[in-house]
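In our numbering, the protein residues as written are 172 to 520.
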Amino acid sequence: MRNALGLMLASVVAAVVIAAGGWFYYSSRADQAAPKTMAARAADQLPAQAKLAARDDVETTAALAGKPAAAAPAPAPAPAMPVQQRSTCANPNALGVSRVVEIDTTGGPGFGFEHFKQFDFLTDKEVVLTFDDGPWPVNTPAVLKALADECTKGLFFSVGKHATYHPEILRQVLAQGHTVGTHTWSHVNLNSKKMTEQQVKDEVEKGFSAVRFALGTNPAPFFRFPQLQHNPAMVTYFGTRNVAMFSTDIDSFDFRKGATPEKIVETVMGRLDKLGKGIILMHDFQKHTGEAMPALLARLKAGGYKIVQMKAKTTFQTLPEYDEALLKDLKVPTSSARPIGSVVQTVSQ
Ligand SMILES: [Zn+2]
């Protein structure tokens, strides 16, 4: 009798343990089955300083300057995110990419006729889509979605500091087959009289190191000057670093106060219809730009324009002292100092 009772009790305990274990397993799976969106996770990680930046940077890209580097938060540990290239296009009427050009950046060529007129490589009706100041939650993913829906590609100039805030968004940009260049560490006007030669170099090199850190791989040796401001000494410097410099042919003015998706589309198309081709300057940092993209891409397609993607022949080689300085700034433990791409590689899927 006692044995039978003991057996029953043991069975009940075992059943409870199994049930509890099952519940725990189910809960864990449920958590995994419903991951937060990338933007939601990025928002969770968004430090107060970055949230402030989100508000006061909306009006003008120039306002991005001057955020103290010391306040930059450590980036989220790089999650193992599968890097998938879309090889097929689900949209049979997509705008697509008509031509991919590979740029040999030796000696620092310049592009965009507003400042650099040497390389007139686009033919009539050809355009290059470029996006500055990201990565940023919501806005960058909106641009990515619009581009993906039309199976087309762009060129992104990332601000180094923003890349450290939202590395997973920038990795999505790269994973979706776009080209990633840089746009300084903190978006200062490099041509300001206050900037010393050393400070200019620091802004440029730290920007590249930050984007490399976020991507886990070297970015393209492509660079755009904040506010398109540069001087001959900088052009010489980029020549020594074999980095292509980008200005623009068509400014969308999407960063201006009062910009709306409709105004952005009209500004771009108005100028494009006059010039017939060109490199278009937009900002994936700006909310209205993401909202304007579907209509803009539709207008480009209707107008018979073709998208050219610019890629680099080689990647940018960061300077080790800036990689190290960045890690120190971000307070990344030495044990995880290596970029994810040098530790984890997808070899088959
Ligand atoms: Zn900018």
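Even for Gly, the Cβ is constructed at its ideal location relative to N, Cα and C.
{"Item": "8 Å Cβ cutoff met for G378 and G331", "Value": "yes"}
{"Item": "Pair within 8 Å by beta-carbon distance, I274 and K484", "Value": "yes"}
{"Item": "Beta-carbon spacing of T301, F417 below 8 Å", "Value": "yes"}
{"Item": "Closer than 7 Å: G422 CB and nearest ligand 1 heavy atom", "Value": "According to the sequence shown, residue 422 is Asp rather than Gly. Flag unset: Cβ of D422 not near ligand 1."}
{"Item": "Cβ shell of V466 (< 7 Å), same chain only, five flanking positions each side left out", "Value": "Reading the sequence as shown, one finds Ala at residue 466 and not Val. These residues qualify, in order along the chain: P432 and V436."}
{"Item": "Proximity below 8 Å, CB of L446 to CB of D420", "Value": "yes"}
{"Item": "Start and end residues, beta strand (DSSP E) containing L300", "Value": "E297 to D303"}
{"Item": "Uninterrupted beta strand (DSSP E) stretches inside the region 371-443 (no shorter than 3 residues)", "Value": "393-395 and 415-417"}
{"Item": "Beta-carbon proximity of M481 to L326, cut-off 8 Å", "Value": "yes"}
{"Item": "With 16 other Cβ atoms within 10 Å as the buried cut-off, status of G429", "Value": "exposed"}
{"Item": "Three-state secondary structure (DSSP) of V309", "Value": "coil"}
{"Item": "Extent of the continuous beta strand (DSSP E) run through K482", "Value": "K477 to A483"}
{"Item": "Q289 to Q457 span [Cα, whole Å]", "Value": "30 Å"}
{"Item": "heavy atom of ligand 1 below 7 Å from P397 C-beta", "Value": "yes"}
{"Item": "Span of the alpha helix (DSSP H), counted from its first residue to its last, around V503", "Value": "That residue, V503, is in no alpha helix (DSSP H); it is neither H nor E in DSSP."}
{"Item": "CB of L498 within 8 Å of CB of T335, strictly", "Value": "no"}
{"Item": "Beta-carbon separation (whole angstroms), H525 vs P306, contact threshold 8 Å", "Value": "Any answer about residue 525 is impossible in this case: the structure gives the chain only from 172 up to 520."}
{"Item": "Three-state class that DSSP yields for R212 in the structure shown", "Value": "Low per-residue confidence applies at R212: pLDDT is 40, beneath 50, and the placement is therefore not dependable enough to give any value."}
{"Item": "Enclosing beta strand (DSSP E) for E273 [first to last residue]", "Value": "R270 to I274"}
{"Item": "Exposure label - P263; buried when at least 16 CB within 10 Å", "Value": "exposed"}
{"Item": "Minimum C-alpha distance to T517 - residue among G281, G387, F409 and M405", "Value": "G387"}
{"Item": "Alpha helix (DSSP H) segment containing S513, residue limits", "Value": "I511 to V514"}
{"Item": "Under the three-state DSSP convention, the category G331 falls into", "Value": "helix"}
{"Item": "Coil, strand or helix - V344 by DSSP", "Value": "helix"}
{"Item": "Selected residue, minimal CA-CA separation from S363, among I340, N402, W356 and Q347", "Value": "N402"}
{"Item": "L446, DSSP secondary structure in three states", "Value": "helix"}
{"Item": "Cβ-heavy atom distance, D303 to ligand 1, below 7 Å", "Value": "yes"}
{"Item": "Sequence-distant residues of the same chain with beta carbon closer than 7 Å to R470, five excluded per side", "Value": "V436 and M440"}
{"Item": "Residues near D304 in its chain [Cβ-Cβ closer than 6 Å; skip 5 each side]", "Value": "T232, V330, H454 and F456"}
{"Item": "C-alpha distance - S357 paired with V515, whole-angstrom precision", "Value": "29 Å"}
{"Item": "Pick from I511, T486 and G475 that is closest to D295, judged by C-alpha positions", "Value": "G475"}
{"Item": "Cα-Cα separation between P338 and P312, rounded to whole angstroms", "Value": "13 Å"}
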